[in-house]
Each structure stands twice: as C-alpha cells, then as structure tokens.
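Chemist: First the structure, which I've put down as structure tokens, then a few questions once you've had a look.
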Amino acid sequence: TSALHPIGDLDKARESLNRMLGGEWIEKEGEHLRKDGTWFPVKYRAGVAYYLRRRVIISFVRDISEEKQTEEKLQKCEGQLAAQI
Numbered sequence: 279t280s281a282l283h284p285i286g287d288l289d290k291a292r293e294s295l296n297r298m299l300g301g302e303w304i305e306k307e308g309e310h311l312r313k314d315g316t317w318f319p320v321k322y323r324a325g326v327a328y329y330l331r332r333r334v335i336i337s338f339v340r341d342i343s344e345e346k347q348t349e350e351k352l353q354k355c356e357g358q359l360a361a362q363i
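Below is the structure:
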C-alpha cells in the first residue's frame with residue numbers, strides 16, 4: 279500500500295489534486311511501504327492525462343534509496359573534511 283500523502287493529511291491531498299486538475303504536474307518525495315512492512319524513499323511525479331477520452335491521474339514513482347544513501351555518505355565525508363580543515 280502506498281499513497282501520495284500519508285493517511286490523515288487530506289488537506290495536502292486535496293491541494294495536490296486541485297493543482298493536478300488545473301493542469302499542473304506535481305513532483306514530490308515521499309515513502310512507500312514494502313511487503314515486509316518497511317518503508318523506503320521514493321520520488322514521484324503525478325498529473326492529469328487523457329486515456330480513451332477520459333481524464334485520469336497518472337504517476338511515475340522511482341525508488342531513491344540508493345540516492346539517499348549516497349547523499350548521507352557524502353554529507354558524512356564533507357563533515358569529516360570540514361573537521362580536518
């Protein structure tokens with residue numbers, strides 16, 4: 279199970295939906311739930327498209343776990359380098 283916004287954050291979900299219905303594509307980071315119950319970071323892009331003459335919401339979701347790990351390692355290295363200067 280996954281969602282664009284955490285359950286209970288209906289105001290943000292409505293805001294995003296209204297923006298998409300107005301023609302805007304939204305890009306955000308969030309988390310999705312694995313079958314084993316653990317969460318992992320994702321980046322998604324969502325908007326309105328037309329399919330068989332119907333308006334539908336389409337989203338593209340990408341797992342960014344490796345990117346986040348690389349960012350953390352880089353920040354740690356930068357901190358170590360700054361401490362040496």
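Numbered by this note's numbering, the letters in the sequence shown go through residues 279 to 363 in order. Yeah, the Cβ is synthetic: ideal placement off N, Cα and C, and Gly gets one too. Keep in mind it's a predicted model, so treat the numbers as computed, not measured.
Taking DSSP as the reference, what is the three-state secondary structure of E302?
Modeler: Numbered from 1 along the sequence shown, position 24 holds the residue referred to as residue 302. It is coil, neither helix nor strand.
Chemist: Would you call K354 buried or exposed, if buried means 16 or more other Cβ atoms sit within 10 Å of its Cβ?
Modeler: For the purposes of this step, residue 354 is taken as the residue at position 76 of the sequence shown. Burial call: exposed.
Chemist: Could you give the residue range of the alpha helix (DSSP H) that holds G357?
Modeler: By one-based count along the sequence shown, residue 357 stands at place 79. Here the alpha helix (DSSP H) through G357 covers S343 to Q362.
Chemist: Hey, how far is the Cα of I335 from the Cα of K351?
Modeler: Numbered from its first residue, the sequence shown carries residue 335 at position 57. Numbered from its first residue, the sequence shown carries residue 351 at position 73. Each residue's Cα considered, the two are about 36 Å apart.
Chemist: Mark S343 as exposed unless 16 or more other C-beta atoms lie within 10 angstroms of its C-beta, in which case mark it buried.
Modeler: Within the sequence shown, the letter at position 65 stands for residue 343. S343 is exposed by the Cβ-count criterion.
Chemist: Exposed or buried, what is Q347 when buried is set at 16 or more other beta-carbons lying within 10 Å of its beta-carbon?
Modeler: As a first step, residue 347 is located in the sequence shown; it is residue number 69 there, counting from the start. Burial call: exposed.
Chemist: CB-CB under 6 Å to E356, same chain, minus the five flanking residues each way: which ones, in chain order?
Modeler: Along the sequence shown, read from residue 1 onward, the residue named residue 356 stands at position 78. No residues qualify anywhere along the chain.
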